[in-house]
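A short write-up of the structure that comes next.
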Amino acid sequence: MTPASEAPAKPVILLVDDAPENLFLISSLLKDSYRVKAATSGSRALEILGNSPEVGLILLDVMMPVMDGYQVLQAIKSNPLTRDIPVIFLTALGEGSDTAHGLGLGASDYLSKPVDAPLLLQRVGQHLPAQPGGR
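In my numbering, the protein residues as written are 120 to 254.
Structure (C-alpha cells):
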C-alpha cells in the first residue's frame, strides 16, 4: 500500500451556483480541506448527486434559472438516498422570510452573499468536519 492510499479521502462538498465566479471563489476557499464538485444548475446538481454517493454537504444558491434552490432542496429531501445530506443555502436573499422558508424546507443553514470566508469555513466545518491533516 502506498502512503497516498492510506490517507483518508477529503470530505466531498457539492457546490451549486449559476455564477462561475462564485463557484471559483468558494471552491478556492474550500479546496485545501475538502474535495469540491461544482454544478451550474439545479438539474446538474441532482445528476451529480445521483452519481456521487460520497457527497457529504451541499452548498446551494437560491436564485438560479429554470430550477431555483428551493426546488433543488425539495428534490434532495424527497429522495431517500440524498435527504440526509446537509444543505447550506448561500444566497443574496437576506430577508428573514427567505431564511425561514429555506430552513422550513429542510436546509441545515443559511448564509448571505457576499460570502464571509471565515464564517463559511466555520459553518461548513460544523456540518462536515475536515479530515485530520486536511488543513
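Backbone N, C-alpha and C define an ideal beta-carbon position, used for all residues, glycine too.
Source: prediction; values computed, not measured.
Asp228 and Asp217 have their C-alpha atoms roughly 12 angstroms apart.
Val206 is classed as buried because its beta carbon has at least 16 other beta carbons within 10 Å across all chains shown. DSSP, read as helix, strand or coil, puts Leu176 in strand.
Secondary structure remark: continuous beta strand (DSSP E) runs of at least 3 residues inside the region 152-234, in chain order: 154-158, 174-180, 206-210 and 228-231. Going by DSSP, Leu142 is part of the alpha helix (DSSP H) stretching over Pro139 to Leu149. In this structure Ile167 is not in contact with Ile204, their Cβ atoms being roughly 12 angstroms apart against a cut-off of 8 angstroms.
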